[in-house]
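Residue numbers (the working numbering), protein chains in the order written: chain H, 588 to 968; chain E, 588 to 968; chain F, 588 to 968; chain V, 588 to 968.
Glycine included, each C-beta is placed from N, C-alpha and C at the ideal position.
Because the structure is a prediction, the values reported are computed rather than measured.
The next block holds one structure in the form of structure tokens; read it before the comments.
Protein chains: 4
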Amino acid sequence: MATHSGRHFLQIPGPTNVPDQVLRAISAPTIDHRGPEFAAFTLDLLTALRPVFGTAGPVVVYPASGTGAWEAALVNTLSPEDRVLCFETGHFAALWRKMAESLGLRIDFVPGDWRHGVDPTQMAEHLRPDTAAVCVVHNETSTGVASRIPEIRQALDQAGHPALLLVDAVSSLGSVDFRHDEWGIDVTIAASQKGLMLPPGLGFTAVSAKALAANRSAGLPRSFWDWQPILDANEGGSFPYTPATNLLYGLRESLRMLDEEGLPNVWERHRRHALATRTAVHAWGLGIQCADDREHSATVTAVVLPEADKVRELILREFDMSLGVGLGRLAGQVFRIEHLGHFNDLSLAGTLSGVQMGLRLCGVPIDPAGVAAALEVLGGR
Amino acid sequence: MATHSGRHFLQIPGPTNVPDQVLRAISAPTIDHRGPEFAAFTLDLLTALRPVFGTAGPVVVYPASGTGAWEAALVNTLSPEDRVLCFETGHFAALWRKMAESLGLRIDFVPGDWRHGVDPTQMAEHLRPDTAAVCVVHNETSTGVASRIPEIRQALDQAGHPALLLVDAVSSLGSVDFRHDEWGIDVTIAASQKGLMLPPGLGFTAVSAKALAANRSAGLPRSFWDWQPILDANEGGSFPYTPATNLLYGLRESLRMLDEEGLPNVWERHRRHALATRTAVHAWGLGIQCADDREHSATVTAVVLPEADKVRELILREFDMSLGVGLGRLAGQVFRIEHLGHFNDLSLAGTLSGVQMGLRLCGVPIDPAGVAAALEVLGGR
Amino acid sequence: MATHSGRHFLQIPGPTNVPDQVLRAISAPTIDHRGPEFAAFTLDLLTALRPVFGTAGPVVVYPASGTGAWEAALVNTLSPEDRVLCFETGHFAALWRKMAESLGLRIDFVPGDWRHGVDPTQMAEHLRPDTAAVCVVHNETSTGVASRIPEIRQALDQAGHPALLLVDAVSSLGSVDFRHDEWGIDVTIAASQKGLMLPPGLGFTAVSAKALAANRSAGLPRSFWDWQPILDANEGGSFPYTPATNLLYGLRESLRMLDEEGLPNVWERHRRHALATRTAVHAWGLGIQCADDREHSATVTAVVLPEADKVRELILREFDMSLGVGLGRLAGQVFRIEHLGHFNDLSLAGTLSGVQMGLRLCGVPIDPAGVAAALEVLGGR
Amino acid sequence: MATHSGRHFLQIPGPTNVPDQVLRAISAPTIDHRGPEFAAFTLDLLTALRPVFGTAGPVVVYPASGTGAWEAALVNTLSPEDRVLCFETGHFAALWRKMAESLGLRIDFVPGDWRHGVDPTQMAEHLRPDTAAVCVVHNETSTGVASRIPEIRQALDQAGHPALLLVDAVSSLGSVDFRHDEWGIDVTIAASQKGLMLPPGLGFTAVSAKALAANRSAGLPRSFWDWQPILDANEGGSFPYTPATNLLYGLRESLRMLDEEGLPNVWERHRRHALATRTAVHAWGLGIQCADDREHSATVTAVVLPEADKVRELILREFDMSLGVGLGRLAGQVFRIEHLGHFNDLSLAGTLSGVQMGLRLCGVPIDPAGVAAALEVLGGR
């Protein structure tokens, strides 16, 4: 079909479908970022932002992407040549390693098969006396595998190791239960374009007291990313440089929406949608990249398929739906279905219907029972 | 489910889902309706409007609903006590009769069972020598039954009867093949909130030369609806009273979208979606209100079900989808599924999934094979 | 200047500058006009609408222009051949007369010079025993002259005459003190695109108990405009035909804005702006169309000038500002400056600056002291 | 006045008034940043971006503020302990110095009086053999003083010095004649929220071949800001991390608007507005911070006034206009009037009217002849 009507189905794991309320919010006129109206807005916003991170502490907002927030986490807490422990859970974990190297850190990189999360039982053996930080991707967007942060925290505690715990929650925050404070995370990294239902352009770091203390002695050069001037300015509702005003308007609205739905309801919705999706994939007779049932992502499902790219392209062309491409070493081997953010049962049904029809049009030998199986999950009450 | 996320599924047969492009277009600043910029805009708009009506003649645009356009059709062409032939094809036909009576016309009302369109073979017997106009609803929104206008025209021609042919195309225009000129229609009535993909607020009458001639002697009092001052003003790109500027902006955009998709593609899309919907209904084992296979509406399907209202309410509550209510004598006996306007295969799959899940949750004994059957239709190429 | 930047100055007396909040409100997705969400919205809206009319009674909202609301006022209260008293206060009064004639009423038309409002002292002599209605334009948009409704009411009362009082408040409502109930008005006619700060497309009639009683026996044919089915449907938060949903969204927002500013503050703002405008005109040495100091419009000022059209065109071209054209018998003899709706001191200063520069560029021999004089008014506290 | 109506006058030198077209553009749905539609969009955008920089080379777009773009310029071209020559022309020059120090560079800081630009005649004496880069703020937003880049270039050439020339064009780009290539600039730093008429959130660096060569050996650690991966990805229309999609939509629209007006017309408009503003300030009898007539900013005028803050606050409260605050050592000593971006003659007249009324209401002894004097400039043709 060369022509399209209706809403595009944007089912890539970020940017996700932005609610029309949020799009209208970001189209309000920009105002004076040094005036009293903006100061009041900012103070309210920064307070409203904390529950979604599960923190009572500060959340630093950058006019930047999630990648920028990663960089912020590193340069604010570490010094040149510091030793950092990373785990090869997938593409984004690999990118993080590369970033840390570029910034002059020494990386201990635990190899992985891109089908499992970080193994908490092996944490102790990878830690070294001088490990300064442990970096974990909570929800690997490239594989659909979620690492179990509370168990990782427990492993660090049992080892009695003082390393900082830095967690990338880019594709989980706002969609799954997340507790920065309770889980003893030192820096949580997030971005606007996933569960926060915004366009890209904002990066976040939630910061523990321990991380703030580390900040004082951290030797990596920094200016733009430096927490202290931002936290100082935030006290009075301002920023040390011009903030991304209109995206902040949208953030206020998306936080209001999450609060209205209720975070536990939001989490349960994502859990149900992930379950329905996996049920469909199993019914089709296809494989899922995540190999451990304790580690399925609630926000994205990676489906193993040699014809992945062909199927994605056909589905985009015929059904106007964008699916996630295989990244890094999974290029051409998986496609990813996003079920995340501003989403509901009927949109998921449409999504899975598109996948099922696309698989069949491509000649992939599947059992066309996937959608029906998913509807059994979605339609149960 | 008390809370909702994602896009509402608005599957009532009008207002339909308005494209975001159109919503943005109507949010442009209002301009001087007597200035040169608006005049150029209007001349272009009125030209661009003609193809969707299948006419080379004028289309009169009212800042009004479709009901207003009906009234315009009558008061512009008829005189008090004129005899008008109407057919009881459904709720809107019945409303039309009532309107004509209120305006002082004499109505010959051919009874019907709300399951068939106008029968062209019986036209001759209903016409009287002094029948001034024949009123037909092209696509009965309340029943999902479409009357066959070309055959009706043929019947009038064969009878050699000079009555005007007034056609309500409110829920068909822009979605199904429609040919005001070729089919010899004298007044086509339309509205903005269906196939034209706009919010409600604009009514239309396409006008034949014969209707314009009738206008000169028509004796019903009129001022706001009077064609002549509008047509005179339109010549120079203006209106005799303030037009609904922002909805006109949206109309320009929706006409562009229809043109980009291509009207024949638009029609074929609606045909496929209606077929897929009926396939699902049959697979569920439920009945369809339309009793003649030649007369299925391409834009709305009325499903016969005693529990219709209960199902609709559950679906709204649980799946955030609005379905059409039974109207008039069908109240509580049918629900209506809209597949019309800004719509696509995956949204239809989501829609039918919601209906299927809702039926089951309500305990209606259906075969849950409807969605799968519809996907066979949609997924064929 | 062939090119333009910045905001267009739309200083015609309607449509007025629509606030960006209202434009965003009307770009929200259209919803089911028969669903529970819309019903709740409508009930709230209809209640919120009353204070701006100064009424505790019903206000009927049409998907139509103000001209439509005029027609509604007449067909709902009068019968063919009824005698109606009209006053030639300007262009819109003349249009009203023409409309009433088209609808089959008999008009007593009191000639006027387009420089004065209705003279209450002469009311008694124009009333006839069978006068069914007295029609008055509260604020003549074409001349900038406001008639004194309370004194007109008093004159009717003193004459003990039972005629209905129909008042066109199209360009005053929401901008000047207006009291439908207290002033004993039977039908107040209004439209969306003036003081209500909306795009065109909504017409209003506020209706007294006496008008509702008249409605029961009024013999003019009507259907679309008929109050009774609308009032019946409004009871439950619905409409008898599809309402202009998105404009209603905008109306809710504009009512909120008027309430936030406070109606007395809104009225005072318009009074100050009209005074500053007249001060500028006097300082330029030009004449004002309104000849009675008790009757200056608070929303529009008509400036007498033989070169009016040349000046308007130059100002549009050079300064990107639209001014009101001379209408009817004032064509080419006045231009009109709007100071109405979503407006403030600095925008008025910009407006008057544009007029002053335009007059000079056209070679009109003025004293360029107008803006400075207006600033003395605006800058006083 | 406690209440406000009409448009806020945002006359701070950034963020500037965002055109409604741009606000609508940024409210379009976010799309797949890895899909074919986005790739085509990006390639077109990056090409359209070059003329406003006056370059045929690459412009790197960051999802960041202008401060981020500064950091990018430094870390991409310099190594730890590199010597950088900076000039104290105002607040932003001072901030730049501080940033360079934080990043580990050695700064030669030429003191200044915040009333002059960089003196080209003294360039030679400040250059040292090992000066790696010369940093100049083209248009000091805090003082309204513009440095003469071509003469600075000439001074470097005459000295035969190989230092890189890094130019902050944040508040001049898109508003005044700027020629990255012709003026031999190595890195031009810009941001979205000034002459590009966008909300904040995008930073830019235009990069010369010499800067790209320096990039290969530059030793400062970098990852997020690194040019090379961005330039590589841009070749195919993508980005190495998620770009700020919706702000890019707005950028495409603002570039279209600048192109439609014509860059030379845009520059001339800013020149006229700056002249009219200075004319008003002189007529009031007040002083201007810029002390050299060759160096007046075309985009912002800083007015010297001991009561600056009191006047600004009163103007915000009474006239709903935001003016620029005094920054750094000018805190409380100047207020700044922005005449920049999406702006026109009448908006400037409104702006100056607000300043004049505010000065008088505050009791500042001025001659109220400023607005009239400015109108003489604006009204001349």
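Count the other CB atoms, across all protein chains shown, that sit within 10 Å of the CB of E:E685; report buried if there are 16 or more and exposed otherwise. For this step, residue 685 of chain E is matched to residue 98 along the second sequence. Note that residue 685 of chain E corresponds to Lys in the displayed sequence, not to Glu. E:K685 should be labelled exposed.
Would you say F:T617 reaches chain E, if we count a Cβ-Cβ gap shorter than 7 Å as a contact? Here residue 617 of chain F refers to the residue found at position 30 of the third sequence. Closer than 7 Å: yes.
Have a look at the DSSP bridge pairing and note the partners of H:M908. Within the first sequence, numbered from 1, the residue matching residue 908 of chain H stands at position 321. Its beta-bridge partners are H:F596.
Identify the contact partners of H:H591 in chain E, using a Cβ-Cβ distance below 9 Å as the criterion. Residue numbering aside, residue 591 of chain H sits at position 4 when the first sequence is read from its first letter. Neighbours of H:H591 on chain E, chain order: E848 and N931.
Exposed or buried, E:R968, counting other C-beta atoms within 10 Å across all chains shown (16 or more means buried)? Here the question's residue 968 of chain E lines up with position 381 in the second sequence. Exposed, by the Cβ-count rule.
Cα-Cα separation between V:F679 and E:A627, rounded to whole angstroms: Numbered from 1 along the fourth sequence, position 92 holds the residue referred to as residue 679 of chain V. Numbered from 1 along the second sequence, position 40 holds the residue referred to as residue 627 of chain E. In a straight line, the C-alpha of V:F679 is about 47 Å away from that of E:A627.
What's the C-alpha gap between V:L927 and V:R865? The residue labelled residue 927 of chain V in the question sits at position 340 within the fourth sequence. The residue labelled residue 865 of chain V in the question sits at position 278 within the fourth sequence. Approximately 14 Å between the Cα atoms of the pair.
Determine, using beta-carbon pairs with one atom in the segment 929-943 of chain V and one in the segment 905-919 of chain V, whether at least three such pairs fall under 8 Å. yes
Measuring alpha carbon to alpha carbon, tell me which of E:H620, E:L633, E:V853 and E:E963 ends up nearest H:S592. Counting from 1 along the first sequence, the entry for residue 592 of chain H is found at position 5. The shortest Cα separation from H:S592 among E:H620, E:L633, E:V853 and E:E963 belongs to E:V853.
Collapsed DSSP secondary structure at F:N852 in the structure displayed: Stepping through the third sequence from its first residue, residue 852 of chain F is reached at position 265. F:N852: helix per DSSP, three-state reduction.
What does E:D896 reach in chain V if we use C-beta pairs closer than 9 Å? Residue mapping note: residue 896 of chain E aligns to position 309 of the second sequence, counting from 1. Per Cβ cutoff of 9 Å: no residues; E:D896 is ~34 Å from chain V at best.
Through-space distance from H:G644 to V:L692, alpha-carbon basis: Taking the fourth sequence and counting its residues from 1, the one referred to as residue 692 of chain V is at position 105. Taking the first sequence and counting its residues from 1, the one referred to as residue 644 of chain H is at position 57. Cα-Cα distance, rounded: 33 Å.
Which of the three DSSP states, helix, strand or coil, is assigned to V:S713? Start at 1 with the first residue of the fourth sequence, and residue 713 of chain V comes out as number 126. For clarity, residue 713 of chain V is His in the given sequence; the question names Ser instead. V:H713: helix per DSSP, three-state reduction.
Express the C-alpha separation of E:A793 and H:H869 in angstroms, rounding to a whole number. Counted from its first residue, the first sequence places residue 869 of chain H at position 282. Counted from its first residue, the second sequence places residue 793 of chain E at position 206. Each residue's alpha carbon lies about 54 Å from the other.
Please classify V:G915: does DSSP put it in a helix, a strand, or coil? By 1-based counting over the fourth sequence, the position of residue 915 of chain V is 328. It is helical.
Per-residue contacts from F:S614 into chain H (C-beta, under 7 Å): Sequence index remark: in the third sequence, residue 614 of chain F carries index 27 (1-based). Chain H residues near F:S614: R611.
Could you have a look at H:V724 and say whether DSSP puts it in helix, strand or coil? For the purposes of this step, residue 724 of chain H is taken as the residue at position 137 of the first sequence. Strand at H:V724.
Beta bridge counterpart(s) of F:A778 as assigned by DSSP: Mapped onto the third sequence, residue 778 of chain F falls at position 191. According to DSSP, which records beta bridges pairwise, F:A778 is partnered with F:G790.
How close, in whole Å, do the beta carbons of H:D607 and E:D700 come, if the pair is a contact with beta carbons under 8 Å? Looking up residue 607 of chain H in the first sequence gives position 20. Looking up residue 700 of chain E in the second sequence gives position 113. The pair is not a contact, with the Cβ atoms about 42 Å apart (cut-off 8 Å).
Name the two residues that bound the continuous beta strand (DSSP E) containing E:A656. Residue 656 of chain E sits at position 69 when you count from the first residue of the second sequence. Premise fails: E:A656 lies in the alpha helix (DSSP H), G653 to T664, not in any beta strand (DSSP E).
I think E:A895 touches E:G913, with their Cβ atoms under 8 Å apart; what is that distance to the nearest whole Å? As a working mapping, residue 895 of chain E is identified with position 308 in the second sequence. As a working mapping, residue 913 of chain E is identified with position 326 in the second sequence. Correct: roughly 6 Å between the Cβ atoms.
If you reduce the DSSP assignment to three classes, tell me which class H:M588 lands in. As a first step, residue 588 of chain H must be located in the first sequence, where it is residue number 1. Below a pLDDT of 50, predicted positions are generally treated as unreliable, and H:M588, at 45, falls in that range; the measurement from the model is reported next regardless. Note: H:M588 maps to coil in three-state DSSP.
Using a Cβ distance threshold of 8 Å, determine whether the segment 875-888 of chain V contacts the segment 947-955 of chain F, with at least three qualifying pairs required. no
When DSSP labels each residue in this structure, what does H:G641 get in the three-state scheme? Within the first sequence, the letter at position 54 stands for residue 641 of chain H. Reduced to three states, the DSSP call for H:G641 is coil.
Contact between the segment 752-766 of chain V and the segment 609-628 of chain V: three or more CB pairs below 8 Å? no
Please report whether the beta-carbon of F:L914 lies at a distance below 7 Å from any beta-carbon of chain E. Within the third sequence, residue 914 of chain F is the residue found at index 327, counting from 1. It does not; no Cβ of chain E falls within 7 Å.
Going by the DSSP bridge assignment, what does H:T888 pair with across the sheet? What you label residue 888 of chain H is simply residue 301 of the first sequence in a count that begins at 1. DSSP lists H:I924 as partners of H:T888.
Thinking C-beta only, is V:V647 closer than 7 Å to V:F640? Locating residue 640 of chain V in the fourth sequence gives position 53, where the first residue counts as 1. Locating residue 647 of chain V in the fourth sequence gives position 60, where the first residue counts as 1. Taking 7 Å as the Cβ cut-off, V:F640 and V:V647 do not qualify as a contacting pair.
Does any residue of chain F bring its CB to less than 7 Å from the CB of E:G788? Reading the second sequence from its first residue, position 201 is the one you call residue 788 of chain E. Yes - at least one Cβ of chain F is within 7 Å of the one on E:G788.
Listing by chain order, which chain V residues have their CB less than 8 Å from the CB of F:Q943? Locating residue 943 of chain F in the third sequence gives position 356, counting from the first residue. The answer, in chain order, is L962 and G966.
Going along the chain, which residues of its own chain have a beta-carbon closer than 8 Å to the beta-carbon of F:D744, five neighbours each way excluded? Counting from one through the third sequence, the residue named residue 744 of chain F turns up at place 157. Hits under 8 Å: G771.
Pairs of beta-carbons, one from the segment 629-636 of chain H and one from the segment 831-839 of chain H, closer than 8 Å: are there three or more? yes
Between which two residues does the beta strand (DSSP E) harbouring F:L693 extend? In the third sequence, residue 693 of chain F corresponds to position 106, counting from 1. At residue 693 of chain F the sequence reads Arg, which differs from the Leu that was named. Looking at the DSSP string, the run of the beta strand (DSSP E) that includes F:R693 is R693 to V697.
V:L599 versus chain H: which residues are under 9 Å apart at the beta carbon? Position 12 of the fourth sequence, counted from the first residue, corresponds to residue 599 of chain V. Correcting the residue identity first, residue 599 of chain V is Ile in this sequence and not Leu. Those within 9 Å of V:I599 in chain H are D619, H620, R621 and G622.
Compare the C-alpha of F:P786 against each of F:T832, F:A746, F:D773 and F:Q741 and name the closest. Position 199 of the third sequence, counted from the start, is the residue given in the question as residue 786 of chain F. Comparing Cα-Cα distances from F:P786 to each of F:T832, F:A746, F:D773 and F:Q741, the minimum goes to F:T832.
Residue from F:L965, F:R702, F:W657 and F:V723 with nearest C-alpha to F:A750: The residue you call residue 750 of chain F lines up with position 163 of the third sequence. When each option's Cα is compared against that of F:A750, the closest is F:V723.
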